[in-house]
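Asks:
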Amino acid sequence: MNDMRLIDRAVDMKDIKIAARDVQVYYGDNHAIKDVNVDIADKTVTAFIGPSGCGKSTFLRSLNRMNDTIDICRVEGNILLDGEDIYDKQVDPVQLRAKVGMVFQKPNPFPKSIYDNVAYGPRIHGLAKNKADLDEIVEKALRRGAIWDEVKDRLDKPGTGLSGGQQQRLCIARAVATEPEVLLMDEPCSALDPIATAQVEELIDELRENYSVVIVTHSMQQAARVSQKTAFFHLGNLVEYGETGQIFTNPVDPRTESYITGRIG
Amino acid sequence: MPILWLICAVLIIAAIGFVIGRTRAISSGQGDIRNLHSLPSYYGWNVALKSMVPAFFVLIVWLIAQPLIISSVVSSNLPETAIPEGSSAGLIMSEVQRTSNGVSAAVISGDLDSAVLADSAADLSAVTEALKNAGQIVTTELTQPIWDAALSYRSMSNAGTTAMWVVVIALAIAGAVWGLRQTNADFRARNTVETSIRYMLIAAASIAILTTVGIVLSLVFNTIEFFRLYPITHFFFGTEWAPSFSGRGGSSELGILPLLWGTLYISVVALAVAVPIGLFAAIYLSEYASKSVRSVAKPLLEVLAGIPTIVYGLFALLTVGPLLVSVFGEGGYLGVDWQGGGRAVMTAGIVMGIMLIPFVSSLSDDIINAVPQSLRDGSYGLGATQSETIKQVVLPAALPGIVGAVLLAASRAIGETMIVVLGAGAAARLSLNPFEAMTTVTAKIVSQLTGDSDFSSPEALVAFALGMTLFILTLGLNIFALYIVNKYREQYD
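Respectively, the protein sequence lines represent chains A and B.
Heads up: the first sequence begins at 1 in my numbering, then just goes up one per residue.
Heads up: the second sequence begins at 1 in my numbering, then just goes up one per residue.
#1: I need the DSSP call for N210/A, collapsed to helix, strand or coil.
#2: Could you compute how far the alpha carbon of K132/B sits from the alpha carbon of A150/B?
#3: Where does M418/B sit, in a helix, a strand or coil, going by DSSP?
#4: Which residue comes first and which comes last in the alpha helix (DSSP H) that contains C495/B?
#5: Quick one: is V214/A near chain B, going by C-beta distance under 9 angstroms?
#6: In angstroms, rounded to a whole number, what distance separates the CA positions of E297/B and F359/B?
#7: Residues of chain A with a CB under 9 angstroms from the CB of G321/B: which are they?
#8: Pop quiz: T440/B and G262/B are said to be a contact at Cβ under 8 angstroms. What is the actual Cβ separation, rounded to whole angstroms?
#9: Please report how far the alpha carbon of L59/B lies from the alpha carbon of I16/B, in whole angstroms.
#10: Is there a Cβ from chain B that is less than 9 angstroms from the Cβ of L134/A?
#11: Can you tell me where the beta strand (DSSP E) with M185/A in it begins and where it stops?
#12: Which residues in the same chain as G55/A place their Cβ atom closer than 6 angstroms to its Cβ, once the five residues preceding and following it in sequence are excluded?
#13: Find the nearest neighbour of S94/B within the set S379/B, R188/B and I70/B, judged by alpha-carbon distance.
#14: Would you please verify whether the beta carbon of I18/A is less than 9 angstroms from any beta carbon of chain B?
#15: Is the beta carbon of L170/A less than 9 angstroms from the beta carbon of N117/A?
#16: Which of the three DSSP states, helix, strand or coil, is assigned to M66/A?
#17: Looking at the strands, I want to know which residues DSSP matches up with N30/A.
#18: Going by DSSP, what residues sit across from A231/A in a beta bridge?
#19: Apart from the five residues on each side of it in sequence, which residues of its chain come closer than 7 angstroms, Cβ to Cβ, to I147/A?
#20: Quick one: using the 10 Å Cβ neighbour count with 16 as the cut-off for buried, is G423/B buried or exposed?
#21: Report the neighbours of Y211/A on chain B: residues whose CB is nearer than 7 angstroms to its CB, in chain order.
#22: At which residue ranges does the region 187-256 of chain B contain complete alpha helix (DSSP H) runs of 4 or more residues, listed in the order of the chain?
#23: If you measure between the beta carbons of K229/A and A41/A, is that distance less than 9 angstroms?
#24: What does the alpha-carbon distance come out to for the pair L4/B and L63/B?
#25: At the 9 angstroms Cβ level, is Y284/B part of the contact set with chain A, yes or no?
#26: Based on the DSSP output, what are the partners of S113/A in its beta bridges?
#27: Could you list the residues in the region 110-143 of chain A with a C-beta less than 8 angstroms from some C-beta on chain B, going in chain order?
#28: Are there 16 or more other CB atoms within 10 angstroms of the CB of E459/B, so buried, or fewer, so exposed?
#29: Answer with buried or exposed for V45/A, where buried requires no fewer than 16 other C-beta atoms within 10 angstroms of its C-beta.
#30: In chain order, which alpha helix (DSSP H) runs of at least 4 residues are fully inside the region 312-384 of chain B?
#31: Starting from N133/B, trace the alpha helix (DSSP H) in both directions and tell me its first and last residue.
#32: Can you give me, in chain order, the residues of the region 358-391 of chain B that have a beta carbon less than 8 angstroms from any beta carbon in chain A?
#33: Straight-line CA distance for V268/B to I114/A?
#34: Does the Cβ of F18/B have 16 or more other Cβ atoms within 10 Å, making it buried, or fewer, making it exposed?
#35: Expressed to the nearest angstrom, what Euclidean distance is found between the alpha-carbon atoms of R123/A and P180/A?
#36: Establish whether the CB of D493/B and some CB of chain A are separated by less than 9 angstroms.
Take a look at the structure:
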């Protein structure tokens, strides 16, 4: 995990899960994302890096139509999930978000018990047949969130009573419980200390077996540690997209090199 | 001379002190304010505050204490025989005070020759005549003891007022001198002013608290007085409310239960109207409404809060009451004969509920808006719809605040008077039928104290016992609200 021998990292070519074509995002008159084309592979961790305000979070949020909740936001172009356009009028954004889960920058457990936090998604989507089924789903999600051992004795305690790192893993478990196909993570470790960060990163690596994970991060070390593919955004443009090892050791674009060596950003 | 002049005199002394203090500070810093510990105006304020604060404090205390002291001295000198049958020392003392004030005014207006005042054997009927001519209210013919008492009252208060002037002005000057003597470059005037501002704020807060204490004490003493005249068990457990105004006690039945029942019944109806409507309106405004709708609808809703309750009472009496009768009354649309007249629990309850909608909605709206957006995002991110998010995430998070808002509305409902008087009638009744006229504690307090009431009879004093009960009720409700809010806050923060 923590070694930096990036060249040696094996990257298999896998199916394309999300394909973005000529995506433009506007906030009112502000053109926030310009002509982005990107293919996100299945069962892979893809990192979006770039300086603040470059549009990486905006692009991430447009992948599960979270931008719909912002009145002035407008998305053009096509984003295909398994070949289907998610901005098609036929698509129900609520259903889409069940398939494309999201973990936020700040841990945001609901004001409910730990159990109810995880059971939230399965309940609203009717994933459990009965109570025993739901218990099983919750346990499985908490195990995948690598937090089961810490909370199994206090599932009825409020989720807000956990520490920051535990809260974030709870939020990941909550997102996993709805059985999404893609997991979007918007700077999931920015509010965490190094130990909690390491735990979450380990978790992300494990999640790769089942999901396509897209992570926005400010930490280039983190991108290098957890991702197989990296996209570098700058001023709303996707500057470079490729295998993580190649981006960090041998970038094509001079702007990417400047950023990862700390000259801009 | 009026007190206003004394206040002006102190203010002028303080202003002069301010200017001198400021100048002195500058000169003690050799004309360069960088040599001073504080800005020059702080030295000025130090002087002004030191002259004003003690002077005004003594002024206020003096104004309160002087009439009390003089009254007690004069009334202790009044002979027993001066108090006629059926009257009390208090009534005589107010007569003495009226006469004394009347004499002062009549002397100033020239209707009464000041020479009469020196003559204790003056012709009292002539004096009475002169006072009446001067437009002073003297109810009866003056008697010798009252006249003597009035004269001694007047001379004592004149002496007292003069002494007050001297003391207050001396204090103001002494304070100013003290402040000026402190003024030099090293004096920490800024810190002194800071401290005095803190005490000023403490004083403001204590006035609010002391007023509450005063109100409670006046309620308590009158309530105790009432329970000396009327058995406490009859008051709390009596199921009949039938005060008689002719007799003194005895024949009156003053049971609080019918009134309490009416109060609670009407409040429950009001909350049943206000809570769902107010809460749903708040949810719509905070979660669904677009910015433009919200900017129009929210102020419009809050207009409801600005309508005087008497107008709501008219609305209940003239619109809602007849409407309800036409539905639930004899020969109404439903064909039932539940409601006899327009005045009913339902009428008052519904209108009171409408009055409370803006309380509930405005407070809940603020509370719902305070729920962090990250919680909503989290829920949407899991594929929840808007109403699922509101029901399962936003409302639970906002619950303590909403409970607080509802209990606040409940306190308002319990204390409401005008709507009840016009909408629910004045009949104290223990009944389950919400279409019958009932009345509340507050409405009865009003009716017991309007008109000529003798404050020594249980029929009038019962108002204080009722007020005390109401006060304890709303206090309990507020404590309960705080308990609920704190309990949930612990869990969810």
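Using N, Cα and C, we set each Cβ at its ideal position, and we do this for glycine too.
Replies: According to the structure data:
#1: Your numbering for residue 210/A matches position 210 in the first sequence. It is coil, neither helix nor strand.
#2: Start at 1 with the first residue of the second sequence, and residue 132/B comes out as number 132. Start at 1 with the first residue of the second sequence, and residue 150/B comes out as number 150. So the two alpha carbons sit approximately 16 angstroms from each other.
#3: Against the second sequence, residue 418/B aligns to sequence position 418. Here M418/B sits in helix by DSSP.
#4: There is simply no residue 495/B to check, as chain B begins at 1 and stops at 493 in what is shown.
#5: Counting from 1 along the first sequence, the entry for residue 214/A is found at position 214. No - not a single Cβ of chain B is within 9 angstroms of the one on V214/A.
#6: As a first step, residue 297/B must be located in the second sequence, where it is residue number 297. As a first step, residue 359/B must be located in the second sequence, where it is residue number 359. Inspection of the sequence shows that residue 297/B is occupied by Ala rather than by Glu. Spanning the two alpha carbons is a distance of roughly 15 angstroms.
#7: On the second sequence, position 321 is the one that residue 321/B refers to. By Cβ distance, chain A contributes nothing, its closest Cβ being about 44 angstroms from G321/B, past 9 angstroms.
#8: By one-based count along the second sequence, residue 440/B stands at place 440. By one-based count along the second sequence, residue 262/B stands at place 262. Right, the Cβ-Cβ distance comes to about 5 angstroms (below 8 angstroms), so this counts as a contact.
#9: Translated into positions along the second sequence, residue 59/B becomes position 59. Translated into positions along the second sequence, residue 16/B becomes position 16. When rounded, the distance between both Cα atoms is 20 angstroms.
#10: The count along the first sequence starts at 1 and reaches residue 134/A at position 134. No, no contact with chain B.
#11: What you label residue 185/A is simply residue 185 of the first sequence in a count that begins at 1. Start and end: V182 to D186.
#12: In the first sequence, the residue the question calls residue 55/A occupies position 55. The answer, listed in chain order, is A32, I33, F233 and G236.
#13: Counting from 1 along the second sequence, the entry for residue 94/B is found at position 94. The residue with the shortest Cα to Cα distance from S94/B is I70/B.
#14: Counted from its first residue, the first sequence places residue 18/A at position 18. So no, I18/A is outside the interface.
#15: Walking along the first sequence from the start, residue 170/A turns up at place 170. Walking along the first sequence from the start, residue 117/A turns up at place 117. Going by C-beta atoms, L170/A is nearer than 9 angstroms to N117/A.
#16: Here residue 66/A corresponds to residue number 66 of the first sequence, with the count starting at 1. Helix.
#17: Taking the first residue of the first sequence as position 1, residue 30/A is located at position 30. In the DSSP output, where bridge partners are listed per residue, N30/A has Y27/A.
#18: The residue given as residue 231/A occupies position 231 in the first sequence. Note: A231/A sits in a beta bridge opposite F48/A and Y241/A.
#19: Sequence index remark: in the first sequence, residue 147/A carries index 147 (1-based). Once the five neighbours on either side are set aside, the close Cβ partners of I147/A are Q166, R169, L170 and A173.
#20: Mapped onto the second sequence, residue 423/B falls at position 423. When all chains shown are included, G423/B counts as buried.
#21: Reading the first sequence from its first residue, position 211 is the one you call residue 211/A. None at all; the shortest Cβ gap to chain B is about 14 angstroms.
#22: 189-229 and 232-237
#23: For this step, residue 229/A is matched to residue 229 along the first sequence. For this step, residue 41/A is matched to residue 41 along the first sequence. Taking 9 angstroms as the Cβ cut-off, K229/A and A41/A qualify as a contacting pair.
#24: As a working note, residue 4/B is residue 4 in the second sequence. As a working note, residue 63/B is residue 63 in the second sequence. Going by the C-alpha atoms only, they are around 13 angstroms apart.
#25: Working through the second sequence from its first residue, we reach residue 284/B at position 284. Not an interface residue.
#26: One-based indexing of the first sequence puts residue 113/A at position 113. S113/A is bridged to P158/A.
#27: F110, P111, K112, Y120, G121, I124 and H125
#28: Locating residue 459/B in the second sequence gives position 459, where the first residue counts as 1. Classification of E459/B: buried, given that the 10 Å Cβ count is 16 or more.
#29: Residue mapping note: residue 45/A aligns to position 45 of the first sequence, counting from 1. Buried, since its Cβ has 16 or more Cβ neighbours within 10 Å.
#30: 321-328, 345-370 and 373-381
#31: In the second sequence, counting from the first residue as 1, residue 133/B sits at position 133. Start and end: L124 to N133.
#32: P372, S374, L375, R376, D377, G378, S379, Y380, G381, L382, G383, A384, T385 and E388
#33: Translated into positions along the second sequence, residue 268/B becomes position 268. Translated into positions along the first sequence, residue 114/A becomes position 114. One C-alpha to the other measures close to 36 angstroms.
#34: Numbered from 1 along the second sequence, position 18 holds the residue referred to as residue 18/B. Burial call: buried.
#35: Within the first sequence, the letter at position 123 stands for residue 123/A. Within the first sequence, the letter at position 180 stands for residue 180/A. Each residue's Cα considered, the two are about 14 angstroms apart.
#36: Your numbering for residue 493/B matches position 493 in the second sequence. Any reading at D493/B must be qualified, since the residue scores a pLDDT of 48, below 50, and its modelled position is unreliable; no value is offered.
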